[in-house]
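Following: one structure in structure tokens, then a few remarks.
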Amino acid sequence: HSSNTIGLEAIIRKALMGKYDE
Amino acid sequence: ELNQEQETLLSYIVEAYNKCRIPQDMAKKLLQDQFSTEENFLLLTEMATSQVQVLVEFTKKLPGFQTLDHEDQIALIKGSAVEAMFLRSAQIFNRKLPQGHNVVLEERIRKSGISDDYITPMFNFYKTVGELQMTQEEHALLTAITILSPDRPYIKDLHAVEKLQEPILNVLQIFCKIHHNKDPQHFARLLGRLTELRTLNHHHAEMLSSWRMN
Chain X
4 HSSNTIGLEA IIRKALMGKY DE
Chain Y
15 ELNQEQETLL SYIVEAYNKC RIPQDMAKKL LQDQFSTEEN FLLLTEMATS QVQVLVEFTK
75 KLPGFQTLDH EDQIALIKGS AVEAMFLRSA QIFNRKLPQG HNVVLEERIR KSGISDDYIT
135 PMFNFYKTVG ELQMTQEEHA LLTAITILSP DRPYIKDLHA VEKLQEPILN VLQIFCKIHH
195 NKDPQHFARL LGRLTELRTL NHHHAEMLSS WRMN
């Protein structure tokens, strides 16, 4: 579970920084 | 009636929500029918990642969100991502999809290795959402309300989040009065789905661990 939470947070942080912006 | 400010808020949120789509090629992959359990697991994982990215894009457009403390922004999305995704899945499941697509999707989920103990409440939730016959506006507003819930873990400035959520709740309430004047309980029913979402969220962590074990 904890590794999943870290995974989710990492995706959110990257997305918030606009790393997935097209 | 909605005042001008509320109209603007509504159209802004709906417009942002309409842009909330996972890439087409990924959606297509979901409907290809040859898949092993392992491929299914990978595909559903990839889908979840994509949905989170789309969700973040939507959230960034919610009025005032980017003025919140950065760590609070992360805590809000982290706390609500699963609920927002369940809500989104419910909307997709209740749409009139082309012939047979629902069956393929449902089969894919049922064969993903997730225990029936978790699958059954999830499909029940989809059903109860379907019965509400929610409009796109209601979906957009309810998703925004879910994301901007001040009572998530690790939120420092609850008041700032409340201030963003409240006007959206007001818009939803008025919208329900206008469009469901025959059902005065409609707004309450929508909020009832939020409680159900909390339960699904709670079980989600357990569901993931059982899935991984399998």
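Heads up: the sequence lines are chains X and Y, in that order.
Using our numbering, you'd call the opening residue of the first sequence number 4 and step up by one each time.
Using our numbering, you'd call the opening residue of the second sequence number 15 and step up by one each time.
Quick reminder that beta carbons are idealized off the backbone N, C-alpha and C, glycines included.
Nearest to residue i (by Cα), restricted to the options the options
i: Val70(Y); options: Thr157(Y), Ser129(Y), Arg166(Y) and Ile133(Y); result: Thr157(Y)
i: Asp86(Y); options: Ile182(Y), Ser163(Y), Val143(Y) and Lys196(Y); result: Ser163(Y)
i: Leu211(Y); options: Glu52(Y), Leu57(Y) and Ile161(Y); result: Ile161(Y)
i: Glu52(Y); options: Ile123(Y), Ala98(Y) and Gly114(Y); result: Ile123(Y)
i: Leu204(Y); options: Gln38(Y), His153(Y) and Tyr26(Y); result: His153(Y)
i: Arg207(Y); options: Leu222(Y), Phe139(Y) and Gln150(Y); result: Phe139(Y)
Beta carbon proximity, residue i to chain X, threshold 8 Å
i: Leu24(Y); result: no
i: Gln105(Y); result: no
i: Ala98(Y); result: no
i: Val143(Y); result: no
i: Lys92(Y); result: yes
i: Ile88(Y); result: yes
i: Gln67(Y); result: yes
i: Val70(Y); result: yes
Min CB distance residue i to chain Y below 8 Å
i: Ile18(X); result: According to the sequence shown, residue 18(X) is Ala rather than Ile. Ala18(X) counts as touching chain Y.
Chain-ordered neighbours of residue i on chain X, where CB pairs are closer than 9 Å
i: Thr213(Y); result: The contacting residues do not exist; Thr213(Y) stays about 17 Å from chain X at best.
Amino acids of chain X, ordered along the chain, whose beta-carbon sits closer than 8 Å to that of residue i
i: Thr63(Y); result: Ile14
i: Ala95(Y); result: Leu11 and Ile15
* Name the residues in the segment 148-178 of chain Y whose C-beta lies less than 8 Å from a C-beta of chain X; which are they? -> When CB distances to chain X are screened at a threshold of 8 Å, not a single residue of the segment 148-178 of chain Y falls below it.
* To do: Note down, in chain order, all residues in the segment 29-57 of chain Y with a beta-carbon under 9 Å from any beta-carbon belonging to chain X.
  => Residues: none.
* **alpha helix (DSSP H) runs wholly inside the segment 103-134 of chain Y, at least 4 long, in chain order** => Annotation note: the segment 103-134 of chain Y contains the following uninterrupted alpha helix (DSSP H) runs of length 4 or greater, listed N- to C-terminal: 115-124.
* Every unbroken alpha helix (DSSP H) within the segment 44-96 of chain Y, with a cutoff of 4 residues, ordered by chain -> The DSSP assignment places complete alpha helix (DSSP H) segments of no fewer than 4 residues inside the segment 44-96 of chain Y at 51-74, in order along the chain.
* To do: Any chance you could list the alpha helix (DSSP H) runs of at least 4 consecutive residues sitting entirely within the segment 126-190 of chain Y, in chain order?
  => Here the runs fully enclosed are 130-146 and 150-161.
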